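Protein chains in written order, with the numbering used here: chain A, 16 to 159; chain B, 16 to 159.
Heads up, the beta-carbon is just placed ideally off N, CA and C, and yes, glycines get one too.
Since the model is a prediction, treat every value here as computed from it, not as a measurement.
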């Protein structure tokens with residue numbers, strides 16, 4: 016009976032390697048806490064100058080949460096990216112923990128637009144968000 | 016200039032369709048709040064009798080959080096599954112919001128083991144968790 020002890024022990028990845036792994040961009044999942052509990056939402060993201068950039072909707076759940084942090088309290092988020100092959104059961108996952116900010120400064124906004132963060136879903140998603148990492152951790156599974 | 020308005024508007028999915036989409040199991044991401052901020056972790060999961068089952072490590076971050084809820088406060092989690100084709104930019108995502116519990120009752124544990132929730136990562140992962148959904152939402156993107 017396999018009661019949970021099997022399989023290879025994951026290898027911890029350094030922050031630099033994690034950033035390299037997620038730097039091509041694509042689909043990630045952003046997690047944050049709300050008054051009614053946590054949320055996890057998929058986003059198309061890119062990386063730019065050590066941060067994670069994505070676009071979301073004005074008036075959406077993230078926009079509302081950002082407003083709760085106006086009194087100098089940072090809005091903490093978790094951002095997860097993984098590439099896991101469910102057939103070979105090998106792959107990696109990266110977790111970025113940090114603070115999320117609306118990109119408001121014109122120069123940063125220009126940079127964000129220049130790297131073309133395409134939202135996965137259409138509709139009105141004109142709110143640019145930058146995650147400034149505080150901690151970056153990751154793990155990789157390889158079979159011998 | 017694409018400043019965020021392009022692309023198809025996502026179609027909202029009903030709870031029943033969402034459960035059908037995630038019922039084969041595979042890799043999902045569980046999000047929860049801790050004293051130092053939110054976390055999002057990939058897990059191998061399966062569905063069983065309307066709930067989401069997965070396995071994690073004793074003493075890991077989720078185990079610690081479960082202990083904070085012993086005084087009758089439910090431990091709220093978000094569980095996200097998606098299948099997004101980054102080439103065609105079509106796909107779906109499902110978000111399960113609910114309470115997480117350790118599976119302790121012998122009959123439920125037997126059921127959980129019978130459906131073979133294989134942990135993605137190896138090592139000591141003998142803690143079985145069940146998420147009892149409170150809200151199930153999802154969206155699908157299709158191009159015309």
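Task: Straight-line Cα distance separating residue 43 of chain B from residue 33 of chain B - done: Their backbone Cα atoms lie some 13 angstroms apart in a straight line.
TODO: Would you check if there are 3 or more beta carbon pairs closer than 8 angstroms linking the segment 111 to 121 of chain B to the segment 62 to 78 of chain A?
DONE: Because the criterion of three Cβ pairs below 8 angstroms is not met, the segment 111 to 121 of chain B and the segment 62 to 78 of chain A do not touch.
TODO: Please check if any C-beta of chain A sits within less than 7 angstroms of the C-beta of residue 118 of chain B.
DONE: No, residue 118 of chain B does not count as interfacial toward chain A.
TODO: To the nearest angstrom, report how far apart residue 55 of chain B and residue 121 of chain A are at their CA atoms.
DONE: Roughly 31 angstroms between the two C-alpha positions.
Task: Unbroken alpha helix (DSSP H) run spanning residue 30 of chain A, endpoints - done: Looking at the DSSP string, the run of the alpha helix (DSSP H) that includes residue 30 of chain A is 30 to 37.
Open item on the list: Any beta carbon of chain A sitting closer than 7 angstroms to that of residue 47 of chain B?
Closed with: Among the CB atoms of chain A, one or more fall inside 7 angstroms of the CB of residue 47 of chain B.
Task: Rounded separation between residue 58 of chain B and residue 110 of chain B - CA only - done: Computed Cα separation, rounded: 14 angstroms.
Task: Contact with chain A by residue 1 of chain B, beta-carbon distance below 7 angstroms - done: This structure gives no information on residue 1 of chain B, because the portion of chain B shown stretches from 16 to 159.
Task: Residues of its chain near residue 100 of chain B, where Cβ-Cβ distance is below 7 angstroms and the 5 sequence neighbours each way are ignored - done: Excluding positions up to five away in sequence, the list reads 106.
Task: Proximal chain B residues relative to residue 66 of chain A, where beta-carbon distance stays under 9 angstroms - done: By Cβ distance, chain B contributes nothing, its closest Cβ being about 17 angstroms from residue 66 of chain A, past 9 angstroms.
TODO: Under 8 angstroms between beta-carbons, which chain A residues line up against residue 108 of chain B? List them in chain order, please.
DONE: Residues of chain A whose Cβ lies closer than 8 angstroms to the Cβ of residue 108 of chain B are, in chain order, 56, 57.
- [ ] Could you tell me if residue 38 of chain B is buried or exposed, where buried requires 16 or more neighbouring beta carbons within 10 angstroms of its beta carbon?
- [x] Exposed.
Task: CA nearest to the CA of residue 40 of chain B, picked from B:89, B:67, B:79 - done: Of the candidates B:89, B:67, B:79, the one whose C-alpha sits nearest the C-alpha of residue 40 of chain B is B:67.
Open item on the list: Using a Cβ-Cβ cutoff of less than 6 angstroms, which residues in the same chain neighbour residue 31 of chain B once the five nearest sequence positions on both sides are dropped?
Closed with: Apart from sequence neighbours up to five positions away, no residue of its chain approaches residue 31 of chain B with a beta-carbon distance below 6 angstroms.
- [ ] Could you tell me which chain B residues have their CB closer than 9 angstroms to the CB of residue 102 of chain A, listed as they occur along the chain?
- [x] Per Cβ cutoff of 9 angstroms: no residues; residue 102 of chain A is ~11 angstroms from chain B at best.
- [ ] Work out the CA separation of residue 26 of chain A and residue 158 of chain A for me, nearest whole Å.
- [x] Rounded to the nearest angstrom, the two C-alpha atoms are 11 angstroms apart.
- [ ] Under 8 angstroms by Cβ, that's how I've got residue 91 of chain B and residue 52 of chain A pegged, so tell me the actual separation to the nearest angstrom.
- [x] For a cut-off of 8 angstroms, the C-beta gap from residue 91 of chain B to residue 52 of chain A is around 4 angstroms, short enough to register as a contact.
Task: Nearest residue (CA-CA) to residue 60 of chain A, options A:155, A:149, A:143, A:153 - done: That would be A:143, whose Cα lies nearest to the Cα of residue 60 of chain A.
Open item on the list: Contact criterion: CB-CB distance below 7 angstroms. Does residue 95 of chain B meet it with respect to chain A?
Closed with: Flagged as an interface residue toward chain A: residue 95 of chain B, by a C-beta distance shorter than 7 angstroms.
Task: Distance between residue 147 of chain A and residue 118 of chain A (C-alpha atoms, nearest Å) - done: One C-alpha to the other measures close to 11 angstroms.
- [ ] Could you please give the first and the last residue of the uninterrupted beta strand (DSSP E) stretch that includes residue 49 of chain A?
- [x] Counting along the chain, the beta strand (DSSP E) containing residue 49 of chain A begins and ends at 41 to 49.
Open item on the list: Measuring straight from C-alpha to C-alpha, what distance separates residue 155 of chain B and residue 29 of chain B?
Closed with: Here the C-alpha atom of residue 155 of chain B lies approximately 11 angstroms from the C-alpha atom of residue 29 of chain B.
Task: Whole-angstrom distance between residue 49 of chain B and residue 16 of chain B, CA atom to CA atom - done: The predicted model places residue 16 of chain B with a pLDDT of 34, which falls under 50 and marks its position as unreliable; any figure quoted below should be read in that light. Roughly 40 angstroms separates the two Cα atoms.
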